[in-house]
Every structure is written in structure tokens, then in C-alpha cells.
Amino acid sequence: MKVLRGIGLRVSVLAAVLITWQLITVLVDDPVNWPTFADVIGRFWTRWLTNPDAWASSLAPSLARLLAGWAGAVLVGVATGTAIGLSARARDVLGPIVHFLRAIPPPALLPLFIVLLGIGDGMKAVMIAFGAVWPILLNTADGVASVEPLHRDTGRAFRLPFRDELWRVILPAAAPRIFAGLRISLSIAVILMVISEMVATVNGVGFELVQAQRGFRSLDVWATIVLLGMLGYALNAVLALIEAGALRWHRGATRTAE
Amino acid sequence: MIRLLRGVTGAAILFILLELATRADLVNATYLPPASTILAATGQIATDPAFLGNVGGTLLAWGLGLLSAAAVGIPLGLLLGSSRRSYLASTTAIELLRPIPSVALIPLLILLLGRGLDMRVLLVAYAALWPILFNTIYAIREVDALARETARAYGLSRLAILRRISLPAAAPFIYTGVRISAGIALILAISAELIAGGGPGIGTWMISNSETGVPRELLYAGIVVTGLLGLAINGLLSAGERRLFRWHHRVRAAQ
Chain R
696 MKVLRGIGLR
706 VSVLAAVLIT
716 WQLITVLVDD
726 PVNWPTFADV
736 IGRFWTRWLT
746 NPDAWASSLA
756 PSLARLLAGW
766 AGAVLVGVAT
776 GTAIGLSARA
786 RDVLGPIVHF
796 LRAIPPPALL
806 PLFIVLLGIG
816 DGMKAVMIAF
826 GAVWPILLNT
836 ADGVASVEPL
846 HRDTGRAFRL
856 PFRDELWRVI
866 LPAAAPRIFA
876 GLRISLSIAV
886 ILMVISEMVA
896 TVNGVGFELV
906 QAQRGFRSLD
916 VWATIVLLGM
926 LGYALNAVLA
936 LIEAGALRWH
946 RGATRTAE
Chain B
67 MIRLLRGVTG
77 AAILFILLEL
87 ATRADLVNAT
97 YLPPASTILA
107 ATGQIATDPA
117 FLGNVGGTLL
127 AWGLGLLSAA
137 AVGIPLGLLL
147 GSSRRSYLAS
157 TTAIELLRPI
167 PSVALIPLLI
177 LLLGRGLDMR
187 VLLVAYAALW
197 PILFNTIYAI
207 REVDALARET
217 ARAYGLSRLA
227 ILRRISLPAA
237 APFIYTGVRI
247 SAGIALILAI
257 SAELIAGGGP
267 GIGTWMISNS
277 ETGVPRELLY
287 AGIVVTGLLG
297 LAINGLLSAG
307 ERRLFRWHHR
317 VRAAQ
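For the record, the sequence lines run as chains R and B. Using the numbering used here, the letters of the first sequence correspond one by one to residues 696 to 953. Using the numbering used here, the letters of the second sequence correspond one by one to residues 67 to 321.
See below:
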């Protein structure tokens with residue numbers, strides 16, 4: 696009973712919003728501009744969830760671009776961030792450049808990237824990688840720079856080769872910060888995937904969204920927004936699972952230390 | 067001092083490398099113009115009233131959107147942060163709304179509101195809401211319970227406790243949320259212009275220039291200006307943070 700009440704409380708605002716939406720749109724009775732909630736979910740169901748063709752023709756290319764760009768950002772961000780984090784001199788020399796590049800709103804690069812790289816998948820992956828790399832790079836640099844000196848000194852006292860020190864001391868110690876960066880960068884990557892597909896493509900979820908808007912198919916616009924919300928939610932959940940697995944030792948270690 | 071010197075050295079080396087790469091024909095100059103050409107073009111557009119009008123258009127949507135986000139996010143955060151019941155009641159709604167990538171709302175807002183300023187402001191406000199809201203919720207929760215209980219023991223009303231204890235203690239974190247949102251707001255202001263066009267804005271300027279094939283250095287210069295704008299916004303807000311909350315940093319340092 697108590698559990699049920701807890702769940703009831705948790706969904707109460709959501710339920711109130713959805714019921715209000717449904718009531719108002721039924722009363723307004725303008726299905727073209729103001730579709731009801733039930734219609735939106737119905738369209739999401741037929742247009743996306745139970746439509747394997749749409750998965751293959753739109754969702755798959757979008758996910759491929761997203762993962763390619765994000766993987767590039769992770770590789771470059773962790774590698775460069777570690778190098779910068781290890782050397783105070785590198786931090787000072789590269790700091791202003793990194794801060795300037797990070798301050799550029801990534802969508803502002805889109806027109807230039809289109810001119811330079813065309814409108815292919817490569818351009819989109821580069822665009823996603825460029826926007827998503829900064830939180831990873833800065834968090835990695837920060838995490839690596841703030842590893843307990845005692846831990847590194849202990850490693851050195853045991854004459855641990857640098858490669859082992861890096862993989863067994865430095866990177867694990869920086870891992871919580873790195874994961875925080877990964878989480879921020881993943882949501883940036885989704886945003887950049889959508890916007891790059893809106894401006895220039897022939898397929899993908901962002902493209903479908905813009906097509907629906909140009910055809911004044913507002914029900915499809917709503918259904919695609921629901922899809923993108925679910926996609927964002929699922930990607931976050933997967934990353935949270937990976938993080939929980941990778942950092943299990945960390946929670947154990949901090950608990951013993953307390 | 068030495069840090070500043072190293073930073074300037076790094077920027078200078080990058081500048082010279084980019085300049086040499088194009089001058090020595092390592093990179094095609096139509097793709098990447100020499101750094102000095104880009105710098106000159108930046109100076110040219112930064113003093114061009116027509117371009118500054120576009121910067122003004124972007125900043126207007128940015129500012130109005132950020133203000134609206136703060137006007138909604140801070141009171142809502144205060145409510146959700148101080149009442150466990152209201153926080154629990156809205157968790158599912160927030161968890162389902164937050165993962166929606168904000169740019170995905172642009173087509174919907176175009177259909178509902180057209181391509182005017184109100185559409186841009188609403189989009190910016192939606193995206194900027196989240197950091198402000200979450201920072202306010204967490205800040206209010208972290209307020210020292212002892213200080214609050216003491217105030218209650220002295221007979222202060224709930225409102226007086228909020229105004230004299232909770233808000234001042236939470237203010238630095240709320241401000242940090244606003245600073246994070248300011249960067250996100252700039253991203254969304256430019257995104258809306260790129261997708262929807264209509265009305266002056268840096269994004270509108272860029273997309274129309276890239277389609278008409280203007281000299282490349284102008285596109286690069288536009289990006290440099292946007293980057294400087296982002297740096298300036300963050301710099302100003304950080305300076306304000308240090309000024310407004312000097313007492314806070316002193317208290318924290320003392321602990």
C-alpha cells in the first residue's frame with residue numbers, strides 16, 4: 696500500500712499534465728495544430744515504435760553518426776585531457792586555446808563545416824565530436840591533475856612503470872570525473888546529431904523531424920520529439936549502467952576510507 | 067604571471083603555425099585562409115554596423131530567454147527544494163522532459179509560434195531552465211539544517227527563514243546554475259537562427275553567407291566573434307560571481 700502511494704505521488708504531476716493536455720485538446724478540437732496526447736502516443740506507436748522500416752532508414756543512420764562522433768570525442772578527449780592533466784606547463788600553454796574553442800557554440804560551426812566537408816556523414820561525425828569533446832577533455836584534465844600525490848608517489852616507490860601507473864593509478868583515480876564529462880558530452884552529442892541532420896541530410900531522425908514540420912504534419916513532429924526524448928533517456932540509462940559497473944570498486948573504496 | 071606568459075606563447079605558436087601552413091601551401095587557402103586574413107576579417111565585421119545588428123538580435127533572444135528561465139526556474143527550484151513531497155510528485159515528469167534534446171523542439175515551435183522572436187525566446191528559456199532549476203533544488207537542500215532550526219527556534223516564520231537563511235546560503239549555487247545556463251542559452255539562440263532563420267542573428271547571418279559563397283575568412287571571422295562572445299559572457303558572469311559572493315568564498319575557505 697505504501698509502495699503504491701509512493702508511486703502515485705511520483706507520477707502525480709505527470710498525470711495531471713497529461714490529463715490537462717488531453718482535456719484541453721479535446722475541447723479545442725483542432726487536431727491539425729493541437730493534437731491530443733492519445734493521438735501523439737498512437738502516432739509514436741505506429742510511426743516509430745512498431746515500424747522496423749523507420750528504424751532501419753532513420754534511426755540506424757542517426758545512431759551511427761552519433762556513436763561515431765561521440766567515440767571520436769571520447770578518444771581525443773581522454774587522451775588529450777590526460778596529457779594536459781599530467782603537465783602543468785601544457786595546461787598553461789594550451790589553456791587559453793582550449794577555453795576559446797570551448798566557448799564557440801558548436802552549432803555556429805555548422806555552416807563552415809558544410810562548406811568545408813560537405814553534407815555527408817563525415818561532416819556530422821566531426822561536428823558531433825567537436826562539440827562533445829570539451830567536457831570530456833576538461834574533466835579528464837581536472838581529474839588527472841587532482842590524483843592524490845600520495846598514490847602516485849606510492850606507485851613510483853614500487854617502481855611501477857609509467858604505463859602501469861597510468862592504467863592502474865591515474866586513470867582509475869580520475870574515472871569518476873571522466874564519467875561526469877562523458878555524461879554531459881553524450882547529451883551534447885544528441886543535440887548536435889539532431890541539428891546537423893536538420894540542416895543537411897537526406898535521412899535520419901532530425902531530417903524526418905524537419906520534413907514533418909515542412910509538411911505541416913504536426914502529429915509526426917510530436918511523435919518524433921517523443922522518440923528523441925526516449926532515445927536521450929535510453930542513452931543516459933545505458934551510460935549510467937556502464938558507469939555503475941566501471942566504478943563499483945570506487946564506491947567500495949570510498950566507503951572503506953570513511 | 068608565468069601562466070599568462072605561457073598562455074600567450076601557446077596562442078602565438080598556434081597563430082604562426084596556421085599562418086605558415088597556408089602560406090607554405092600545406093593547406094588549401096580556400097579551405098583555411100591564413101590566420102592574419104581571418105584576424106583582419108574579424109576586425110572588419112566587428113566594426114560593421116550591419117553585423118553588429120545581427121549580434122544584437124542573438125543577444126536579445128539570449129537575454130530574454132535566460133531571464134525567463136531564471137524567473138521560472140528559481141521559484142520552482144525553491145519550491146521543489148524545500149518540499150520533499152512536491153519534489154517527489156514532479157520527479158517522473160522532470161525525468162521524462164529533461165532528456166528531450168532542446169533543438170528537437172525547434173520544428174514544433176515553428177509550427178506553433180512561427181519564426182519570430184517569441185519562438186527563439188521560448189526555446190532558449192526551455193533549454194536554460196534545467197541547470198537553474200537543478201542547481202536551485204540542490205542548493206536549497208544543502209542549506210545547513212542547524213542554521214534553519216536555530217532560526218525556527220527563535221520564532222522566525224517560514225518565509226523569513228527562506229528570505230534570511232536559505233536564499234543567501236543558496237545564492238552562490240543558484241548563480242552558478244545561471245552561469246551554466248548562459249552558455250547553453252547562447253547555443254540554442256544560434257541554433258534557432260540556423261534552423262528557422264527569420265530576424266537578425268549571428269546564425270541567420272552565417273547560414274545565408276555560407277549559401278551565397280562569400281569569402282571563407284568571413285565565415286571563420288563569424289565563428290571567432292561567436293567564440294569571443296561566449297568567452298565574454300562567461301568571463302563577465304564569473305567576475306560577477308567573485309564580486310557578489312566574496313563573503314561566501316571566505317566562509318568556505320575558513321571552514
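Backbone N, C-alpha and C fix where the C-beta goes; we use that ideal spot for every residue, glycine too.
Taking only three categories from DSSP, how would you classify residue i?
{"i": "A931/R", "result": "For the sequence presented, residue 931/R should be read as Asn rather than Ala. Helix, per DSSP."}
{"i": "E843/R", "result": "coil"}
{"i": "L699/R", "result": "helix"}
{"i": "M67/B", "result": "coil"}
{"i": "A107/B", "result": "helix"}
{"i": "A95/B", "result": "coil"}
{"i": "Y220/B", "result": "coil"}
{"i": "F857/R", "result": "helix"}
{"i": "R229/B", "result": "helix"}
{"i": "L145/B", "result": "helix"}
{"i": "I166/B", "result": "coil"}
{"i": "L942/R", "result": "coil"}
{"i": "S891/R", "result": "helix"}
{"i": "V916/R", "result": "helix"}
{"i": "P802/R", "result": "helix"}
{"i": "W128/B", "result": "helix"}
{"i": "F669/R", "result": "In the structure as shown, chain R begins at 696 and stops at 953. Residue 669/R is therefore absent and cannot be evaluated."}
{"i": "S782/R", "result": "coil"}
{"i": "V290/B", "result": "helix"}
{"i": "V721/R", "result": "helix"}
{"i": "W729/R", "result": "coil"}
{"i": "A90/B", "result": "coil"}
{"i": "P756/R", "result": "helix"}
{"i": "G265/B", "result": "coil"}
{"i": "N898/R", "result": "coil"}
{"i": "T202/B", "result": "helix"}
Can you find a C-beta in chain B that's less than 8 Å from the C-beta of residue i?
{"i": "D787/R", "result": "yes"}
{"i": "V735/R", "result": "no"}
{"i": "P871/R", "result": "no"}
{"i": "N931/R", "result": "yes"}
{"i": "P844/R", "result": "no"}
{"i": "E938/R", "result": "no"}
{"i": "I879/R", "result": "no"}
{"i": "I886/R", "result": "yes"}
{"i": "V897/R", "result": "no"}
{"i": "I779/R", "result": "no"}
Do we get a CB-CB distance below 8 Å when we pair residue i with the residues of chain R?
{"i": "T324/B", "result": "Past the boundaries of the shown model lies residue 324/B; chain B is included only from 67 to 321, so the question cannot be answered."}
{"i": "A69/B", "result": "Reading off the sequence shown, one finds Arg at residue 69/B, where the question assumed Ala. Yes, R69/B lies at the interface with chain R (some Cβ there is under 8 Å from its Cβ)."}
{"i": "A87/B", "result": "no"}
{"i": "T75/B", "result": "yes"}
{"i": "N201/B", "result": "no"}
{"i": "S102/B", "result": "no"}
{"i": "A78/B", "result": "no"}
{"i": "S156/B", "result": "yes"}
{"i": "I82/B", "result": "no"}
{"i": "R72/B", "result": "yes"}
{"i": "I9/B", "result": "No statement about residue 9/B is possible, as the shown extent of chain B runs from 67 to 321 and does not include it."}
{"i": "S257/B", "result": "yes"}
{"i": "L228/B", "result": "no"}
{"i": "S232/B", "result": "no"}
{"i": "S276/B", "result": "yes"}
{"i": "L285/B", "result": "yes"}
{"i": "I66/B", "result": "In the structure displayed, chain B extends from 67 to 321; residue 66/B sits before or after that span and is not available."}
Is any non-hydrogen atom of the ligand SAH found closer than 7 Å to the C-beta of residue i, if you look at the structure I gave you?
{"i": "F911/R", "result": "The model on display carries no ligand, and the ligand SAH is accordingly not part of it."}
Check your understanding: What residues in the segment 698-727 of chain R have a beta carbon less than 7 Å from any beta carbon of chain B?
Key -> L704, R705, V706, S707, V708, L709 and V712
Practice item. With 8 Å as the limit, tell me which residues of the segment 902-923 of chain R have their beta carbon closer than that to any beta carbon of chain B; keep them in chain order. Key: L904, V905, A907, Q908, F911, S913, V916, W917, T919, I920 and L923
Practice item. For the segment 158-191 of chain B, enumerate the residues whose C-beta is nearer than 9 Å to any C-beta of chain R, in chain order. Key: T158, A159, I160, E161, L162, L163, R164, P165, I166, P167, S168, V169, A170, L171, I172, P173, L174, I176, L177 and L178
Practice item. Count the CB pairs spanning the segment 291-304 of chain B and the segment 834-843 of chain R that are closer than 8 Å, and state whether there are at least three. Key: no
Exercise for review: Check distances from the C-beta atoms of the segment 810-837 of chain R to those of chain B and list, in chain order, the residues that come in under 8 Å.
Suggested key: V810 and L811
Exercise for review: Identify each residue in the segment 293-306 of chain B for which the Cβ-Cβ distance to at least one residue of chain R is less than 7 Å, and report them in chain order.
Suggested key: G293, G296, L297 and N300
Check your understanding: For the 8 Å Cβ check, are there 3 or more pairs between the segment 815-824 of chain R and the segment 749-766 of chain R?
Key -> yes
Practice item. Below 8 Å between beta carbons is the criterion; list the residues of the segment 747-764 of chain R that meet it against any residue of chain B, in chain order. Key: none
Check your understanding: Does the count of Cβ pairs from the segment 910-920 of chain R and the segment 734-743 of chain R closer than 8 Å reach three?
Key -> yes
Point to revise | Inter-stretch contact at 8 Å, needing at least 3 Cβ pairs: the segment 791-799 of chain R / the segment 72-83 of chain B | key: yes
Exercise for review: Compile a chain-ordered list of the residues in the segment 95-120 of chain B whose CB is closer than 9 Å to at least one CB of chain R.
Suggested key: Y97 and L98
Review point. Counting Cβ pairs closer than 8 Å, one from the segment 177-188 of chain B and one from the segment 886-905 of chain R, do we hit at least three?
Key: no
Practice item. Return the residues of the segment 234-254 of chain B that lie within a Cβ-Cβ distance of less than 7 Å from chain R, sorted by chain order. Key: L252 and I253
Review point. Listed in chain order, which residues of the segment 129-153 of chain B have Cβ atoms closer than 9 Å to some Cβ of chain R?
Key: R151 and S152
**Study point:** Positions along the segment 261-274 of chain B whose CB lies within less than 8 Å of some CB in chain R
**Key:** I261, I268, G269, M272 and I273
Check your understanding: Using 8 Å as the Cβ pair cut-off and three pairs as the minimum, do the segment 775-791 of chain R and the segment 259-276 of chain B touch?
Key -> no
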